[in-house]
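A quick write-up on the structure given underneath.
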Amino acid sequence: MDRARGQIGEAVRSGGYGGTRRSRRSAARRRDTRARHGGGRRDGRRRPARGQGADAQRGLGARAWRADRPPVSVRPPLPCLHAVTDERIARRPDLSAVAAELAAGGGAAIAFHARGRGLSGLEHYELAVRLTDRPTVQLFVNDRLDIALACGATGVQLGAGSVDPGDARRLEPRWWIGRSVHDLAEATAARNAGADYLLLGPVFRTATHPGREPLDPGTVSAVVALGLPVIAIGGVTPGRAMELKAAGVHGVAAIRALWDADDPARAARRLLQELDA
Numbered sequence: 087m088d089r090a091r092g093q094i095g096e097a098v099r100s101g102g103y104g105g106t107r108r109s110r111r112s113a114a115r116r117r118d119t120r121a122r123h124g125g126g127r128r129d130g131r132r133r134p135a136r137g138q139g140a141d142a143q144r145g146l147g148a149r150a151w152r153a154d155r156p157p158v159s160v161r162p163p164l165p166c167l168h169a170v171t172d173e174r175i176a177r178r179p180d181l182s183a184v185a186a187e188l189a190a191g192g193g194a195a196i197a198f199h200a201r202g203r204g205l206s207g208l209e210h211y212e213l214a215v216r217l218t219d220r221p222t223v224q225l226f227v228n229d230r231l232d233i234a235l236a237c238g239a240t241g242v243q244l245g246a247g248s249v250d251p252g253d254a255r256r257l258e259p260r261w262w263i264g265r266s267v268h269d270l271a272e273a274t275a276a277r278n279a280g281a282d283y284l285l286l287g288p289v290f291r292t293a294t295h296p297g298r299e300p301l302d303p304g305t306v307s308a309v310v311a312l313g314l315p316v317i318a319i320g321g322v323t324p325g326r327a328m329e330l331k332a333a334g335v336h337g338v339a340a341i342r343a344l345w346d347a348d349d350p351a352r353a354a355r356r357l358l359q360e361l362d363a
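Here's what the structure looks like:
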């Protein structure tokens, strides 16, 4: 190693590997000639040193422009409580008031999901905008990546018929990208496709999907074992979150248990307390 370093040092001092004394003397004469004639330019002005020409000036301008941009944000932790909307909730006149109560009870641990399969594009966008009024609450948008980009959402929730997680990540690498799954096979496929987390359900019987059987505890445990954060949904109410936490889920999601609660702030706090127990 020392011998190799010595050879490299000698090559640098001698003008490069394979250089001859004659070629080195010729190079020295050319340098002297350029120095006497103004660096080789006909107008007598020196050539700009490397890194000081027009390209470098453009580079300085680019660096100055980048310095004026806001710093790149870091993706926040995945919330453990998710308040999901539907068409009925999206059109409620008291939506903003209930959202404020949920934000007061959940703080930074709660996320709002702007969801509504029957909503028009404009309705979906307006829903997302209304849910961004709470600075402590993270916004997730279901399926509509254009709306998620327009509203600066923290993440997107992709249904079975939506785009692949990898395609969504090319639009915004900082998103939390979730996939809705209903069994182990779908969960495995979502993990292999690059999802960041899984929305798994229904874990209990739910009025939202009355004809669907709830998942058995063994399936929930098998999906958790895949290694991605799991958000359990479907029939989740205060009193049930602790059971799901014991099964290893990262968090829970709910529609009616949060948006239709008599005391939304209290419902959010209770679910979070069960998840922290």
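Throughout the sequence shown, residue numbering follows this note's numbering, covering 87 to 363 in sequence. Note that beta-carbon positions come from the ideal geometry of N, C-alpha and C, so glycine has one too.
query: Residues of its chain near Ala279, where Cβ-Cβ distance is below 8 Å and the 5 sequence neighbours each way are ignored; result: Asp250, Pro251, Gly252 and Arg265
query: Residue nearest to Pro162 in terms of C-alpha spacing, selected from Leu217, Ala197, Val310 and Glu329; result: Ala197
query: Closest by C-alpha distance to Phe226, when choosing among Asp349, Ala311 and His168; result: His168
query: Segment contact, 8 Å Cβ cut-off, at least three pairs: the stretch 335-343 with the stretch 320-327; result: yes
query: DSSP state of Arg149 mapped onto helix, strand, coil; result: Below a pLDDT of 50, predicted positions are generally treated as unreliable, and Arg149, at 32, falls in that range; the measurement from the model is reported next regardless. Looking at Arg149 - three-state DSSP - the assignment turns out to be helix.
query: Residue environment, Thr222, which counts as buried when at least 16 other CB atoms sit within 10 Å; result: exposed
query: Alpha-carbon to alpha-carbon, Arg177 and Asp346; result: 13 Å
query: Pair within 9 Å by beta-carbon distance, Ala354 and Glu187; result: yes
query: Neighbour-count burial assignment, Ala293, 16 or more Cβ in a 10 Å radius; result: exposed
query: Spatial distance of Asp219 from Leu205 (CA atoms); result: 20 Å
query: Top-ranked residue by Cα proximity to Pro315, from Arg230, Arg216 and Ala333; result: Ala333
query: Assigned exposure category for Arg277 - 16 Cβ within 10 Å defines buried; result: buried
query: First and last residue of the uninterrupted alpha helix (DSSP H) at Arg265; result: Element bounds for Arg265: not the alpha helix (DSSP H) but the beta strand (DSSP E), Trp262 to Val267.
query: Start and end residues, alpha helix (DSSP H) containing Gly252; result: Pro251 to Leu257
query: Beta-carbon gap between Val242 and Ala254 smaller than 9 Å; result: yes
query: Whether Leu357 touches Leu344 by CB criterion (9 Å); result: yes
query: Asp349, buried or exposed, once every other Cβ within 10 Å from all chains shown has been counted against 16; result: exposed
query: Cβ pair Ala189, Pro165 closer than 9 Å; result: no
query: Of the residues Leu208, Ala200 and Gln224, the one placed nearest Ala214, counting alpha carbons only; result: Ala200
query: Three-way DSSP call (helix, strand, coil) for Ile196 in this model; result: strand
query: His199 CB to nearest heavy atom of the ligand GTP below 8 Å; result: What this structure holds is no ligand at all, so the ligand GTP is not there to describe.
query: Which of helix, strand or coil DSSP assigns to Ala380; result: Nothing can be reported for residue 380, as the shown portion of the chain is limited to 87 through 363.
query: Sub-9 Å separation of Leu244 and Ala281 beta-carbons; result: yes
query: Nonlocal neighbours in the same chain, by C-beta distance under 8 Å from Gly238, ignoring five residues either side; result: Thr218 and Leu225
query: C-beta atoms of Gly191 and Asn228 nearer than 9 Å; result: no
query: Cα-Cα separation, Arg216 to Asp269; result: 33 Å
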